Amino acid sequence: MTSAQVADVLVGIYLGLLAGIFPAFIAFSIGFGFKYFTDVTMPGLGVVVLGGALAGVSGGLMGLVDPQLADSWTGITAVLVILMACLWAHGQGDKLGAATPRKLTLKSIRESRLSADLVERVDSYGQIQIRPVGEILDVEGYPPLPDSLRETLHEGSWKFPASLSLAELESRLEERLLTEYELAAVTVAIDEQGRAEVAAAPSAAGLSRRVPPGQRAVSIRTLLPSGVARGDSVTIRLPDGPVTGPVVSARTEGDDTVSTQESPGETAGMGGDESANVPPSTPPAPTTTGGEGRITIALSAEDARRVIRAEFAPVIVHSRGKQREYEAIGVLKAHGNRFRKVTIGASSNLAGGTIGSERIRDTYGVAVLAIRRSMERIVAPDGDAELTPGDALIIVGRPSQLRAFEEVAQ
Numbered sequence: 001m002t003s004a005q006v007a008d009v010l011v012g013i014y015l016g017l018l019a020g021i022f023p024a025f026i027a028f029s030i031g032f033g034f035k036y037f038t039d040v041t042m043p044g045l046g047v048v049v050l051g052g053a054l055a056g057v058s059g060g061l062m063g064l065v066d067p068q069l070a071d072s073w074t075g076i077t078a079v080l081v082i083l084m085a086c087l088w089a090h091g092q093g094d095k096l097g098a099a100t101p102r103k104l105t106l107k108s109i110r111e112s113r114l115s116a117d118l119v120e121r122v123d124s125y126g127q128i129q130i131r132p133v134g135e136i137l138d139v140e141g142y143p144p145l146p147d148s149l150r151e152t153l154h155e156g157s158w159k160f161p162a163s164l165s166l167a168e169l170e171s172r173l174e175e176r177l178l179t180e181y182e183l184a185a186v187t188v189a190i191d192e193q194g195r196a197e198v199a200a201a202p203s204a205a206g207l208s209r210r211v212p213p214g215q216r217a218v219s220i221r222t223l224l225p226s227g228v229a230r231g232d233s234v235t236i237r238l239p240d241g242p243v244t245g246p247v248v249s250a251r252t253e254g255d256d257t258v259s260t261q262e263s264p265g266e267t268a269g270m271g272g273d274e275s276a277n278v279p280p281s282t283p284p285a286p287t288t289t290g291g292e293g294r295i296t297i298a299l300s301a302e303d304a305r306r307v308i309r310a311e312f313a314p315v316i317v318h319s320r321g322k323q324r325e326y327e328a329i330g331v332l333k334a335h336g337n338r339f340r341k342v343t344i345g346a347s348s349n350l351a352g353g354t355i356g357s358e359r360i361r362d363t364y365g366v367a368v369l370a371i372r373r374s375m376e377r378i379v380a381p382d383g384d385a386e387l388t389p390g391d392a393l394i395i396v397g398r399p400s401q402l403r404a405f406e407e408v409a410q
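Quick note: the sequence shown uses the UniProt record's numbering, first residue 1, plus one each step.
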């Protein structure tokens with residue numbers, strides 16, 4: 001190599017270092033960012049190609065793309081120096097990203113949780129109350145919300161486990177609003193302070209909208225567990241075989257706050273229409289509260305006729321999504337247990353005592369799952385829970401034990 005070529009190579013190294021500063025910085029940032037946030041190593045070849053493209057832009061201003069310079073030792077050396085600098089910077093960024101403690105990742109951003117400053121708002125059950133903030137917005141492409149429904153949503157509040165991520169809280173609140181208020185669409189955004197921004201659209205129709213095409217909505221009296229909501233899958237055990245379908249509506253007797261009620265034995269669409277058009281007679285609500293009531297499910301025409309012929313039939317609720325309580329109900333029922341709502345009478349020997357002092361489990365063989373009063377609900381009450389006249393107890397046990405306890409409670 002002649003002295004002139006050596007001089008050209010040295011000039012090329014100088015130009016390469018000068019033009020490669022910006023591409024090398026970009027390559028370092030890409031390597032560090034990908035490794036730090038996603039724990040994925042960006043392919044070095046892609047970074048080198050990107051660095052060469054960036055060098056072409058910045059290097060062109062210095063004459064690297066000049067034909068005479070590009071075909072000389074100076075141009076070739078400058079390009080090689082730029083590409084090697086980008087590859088080296090990318091490797092260093094990747095190493096630094098792997099060595100840096102990860103306090104922030106894409107997964108942690110998606111699964112970010114409520115602020116620790118809200119600890120005073122967490123109740124004894126580990127739940128926190130989510131409230132809407134600001135105006136309830138309309139969903140584009142849907143009719144506007146009625147003023148009464150908008151006001152109801154704005155004044156509402158809902159409790160969820162405080163340990164859930166923001167994404168899970170948003171998903172659960174959306175599902176609950178859809179179920180409680182029969183909304184056609186809803187979107188929820190919750191910040192770290194537990195404030196929810198809600199946009200909702202009203203349902204365009206009543207019962208007929210919830211019945212799939214070609215099916216019929218038919219209702220029957222049954223014993224309903226607490227927590228049954230529209231959309232749940234249930235099986236009705238008829239004398240001539242079970243039928244399974246989605247819940248269109250459900251209502252517990254004596255509860256005026258639950259969902260749409262159909263008249264006894266009525267089936268939607270049996271007169272030839274493909275769907276029912278029954279106006280709601282009571283305000284919609286989220287779930288049943290447990291006890292005897294009526295349930296309406298969507299079935300084929302043949303199965304609907306079978307349900308009509310039965311006056312009463314037991315129902316099995318299948319687990320859906322995160323509703324794990326149904327799985328527990330299935331386990332209890334598999335061992336012959338049943339659920340019943342029993343009201344403590346004013347003349348009952350149980351009135352004035354506690355669950356522990358009356359030894360309900362030992363004496364009657366039943367377990368009290370919840371106590372429902374006019375102003376409160378106690379889930380999984382302990383032995384110190386007092387029994388007062390008018391309390392509605394949700395109990396579980398075998399049918400004979402339930403009947404015996406009901407006689408004592410009245």
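Cβ coordinates follow ideal geometry from the N, Cα and C atoms, glycine included. No experiment lies behind these values; they were computed from the predicted model shown.
Checklist entry - What is the rounded straight-line gap between the Cα of ARG338 and the Cα of ILE378? => result Taking the first residue of the sequence shown as position 1, residue 338 is located at position 338. Taking the first residue of the sequence shown as position 1, residue 378 is located at position 378. So the two alpha carbons sit approximately 20 Å from each other.
Checklist entry - What three-state label does DSSP hand SER400 in the structure shown? => result For the purposes of this step, residue 400 is taken as the residue at position 400 of the sequence shown. Residue state, collapsed to three classes: helix.
Next on the checklist: Taking only three categories from DSSP, how would you classify SER3?
Outcome noted: To locate residue 3, count along the sequence shown from 1; it is residue 3. Collapsing the DSSP output to three states places SER3 in a helix.
Checklist entry - Can you tell which of ILE30, PRO23, THR41 and SER72 has the C-alpha that lies nearest to the C-alpha of VAL11? => result In the sequence shown, counting from the first residue as 1, residue 11 sits at position 11. Out of ILE30, PRO23, THR41 and SER72, SER72 has the C-alpha closest to the C-alpha of VAL11.
Checklist entry - In chain order, what residues of the same chain lie with their CB nearer than 6 Å to the CB of PRO212, ignoring the 5 residues before and after it? => result Position 212 of the sequence shown, counted from the start, is the residue given in the question as residue 212. Sequence-distant partners of PRO212 (beyond 5 residues in either direction) whose C-beta falls short of 6 Å from its own C-beta, in its chain, are ALA298.
Item to check | Validate contact between the region 82-102 and the region 22-29 using beta carbons, cut 8 Å, 3 pairs | outcome: yes
Checklist entry - How long is the line joining the alpha carbons of TRP158 and ALA313, rounded to whole angstroms? => result As a working mapping, residue 158 is identified with position 158 in the sequence shown. As a working mapping, residue 313 is identified with position 313 in the sequence shown. Distance between the alpha carbons of TRP158 and ALA313: 33 Å.
Item to check | PRO264 (DSSP reduced to helix, strand or coil) | outcome: Here residue 264 refers to the residue found at position 264 when the sequence shown is read from its first residue. For PRO264, the pLDDT reaches just 34, beneath the cut-off of 50, and the residue's location in the model is therefore unreliable, although a value from the coordinates is still provided. Looking at PRO264 - three-state DSSP - the assignment turns out to be coil, as it is neither helix nor strand.
Next on the checklist: Using only the alpha-carbon positions, how far apart do VAL342 and ALA409 sit?
Outcome noted: Residue numbering aside, residue 342 sits at position 342 when the sequence shown is read from its first letter. Residue numbering aside, residue 409 sits at position 409 when the sequence shown is read from its first letter. Straight-line Cα distance between these residues: approximately 7 Å.
Checklist entry - CB-CB under 8 Å to LEU153, same chain, minus the five flanking residues each way: which ones, in chain order? => result The sequence position of residue 153 within the sequence shown is 153, counting from 1. Only PRO132, ILE136, LEU145, LEU177, TYR181, VAL198 and ALA200 meet the Cβ criterion.
Checklist entry - In this structure, does DSSP put SER360 in helix, strand or coil? => result Sequence index remark: in the sequence shown, residue 360 carries index 360 (1-based). Checking the sequence shown, residue 360 turns out to be Ile, not Ser. In this structure, ILE360 counts as helix in the three-state DSSP scheme.
Checklist entry - Between ILE236 and LEU369, what straight-line distance do the alpha-carbon atoms span, to the nearest angstrom? => result As a working mapping, residue 236 is identified with position 236 in the sequence shown. As a working mapping, residue 369 is identified with position 369 in the sequence shown. Rounded to the nearest angstrom, the two C-alpha atoms are 24 Å apart.
Item to check | Rounded C-alpha distance that separates GLN127 from ILE21 | outcome: Here residue 127 is taken as the residue at index 127 of the sequence shown, counted from 1. Here residue 21 is taken as the residue at index 21 of the sequence shown, counted from 1. Going from the Cα of GLN127 to the Cα of ILE21 covers about 53 Å.
Item to check | 8 Å contact criterion, which VAL247 and ILE295 should meet: CB distance rounded | outcome: Within the sequence shown, residue 247 is the residue found at index 247, counting from 1. Within the sequence shown, residue 295 is the residue found at index 295, counting from 1. The pair is a contact, with the Cβ atoms about 6 Å apart (cut-off 8 Å).
Next on the checklist: Taking its Cβ as the centre, do 16 or more other Cβ atoms sit within 10 Å of LEU350, making it buried, or is it exposed?
Outcome noted: Mapped onto the sequence shown, residue 350 falls at position 350. The residue in question, LEU350, is buried, as its Cβ has 16 or more Cβ neighbours within 10 Å.
Item to check | Extent of the continuous beta strand (DSSP E) to which ALA310 belongs | outcome: Residue 310 sits at position 310 when you count from the first residue of the sequence shown. Element bounds for ALA310: n/a, residue is neither H nor E.
Checklist entry - Along the chain, which unbroken stretches of the alpha helix (DSSP H) at least 4 residues long are found entirely within the region 144-179? => result 147-155
Checklist entry - Is GLY134 closer than 8 Å to GLY93 when the C-beta atoms are compared? => result As a position in the sequence shown, residue 93 is number 93, starting the count at 1. As a position in the sequence shown, residue 134 is number 134, starting the count at 1. No.
Next on the checklist: Can you tell me whether GLY290 is helix, strand or coil according to DSSP?
Outcome noted: Indexing the sequence shown from 1 puts residue 290 at position 290. If DSSP states are grouped into helix, strand and coil, GLY290 belongs with the strands.
Next on the checklist: For PRO347 and ARG150, what's the separation of their Cα atoms in angstroms?
Outcome noted: As a position in the sequence shown, residue 347 is number 347, starting the count at 1. As a position in the sequence shown, residue 150 is number 150, starting the count at 1. Per the sequence shown, residue 347 should be read as Ser rather than Pro. Distance between the alpha carbons of SER347 and ARG150 is about 45 Å.
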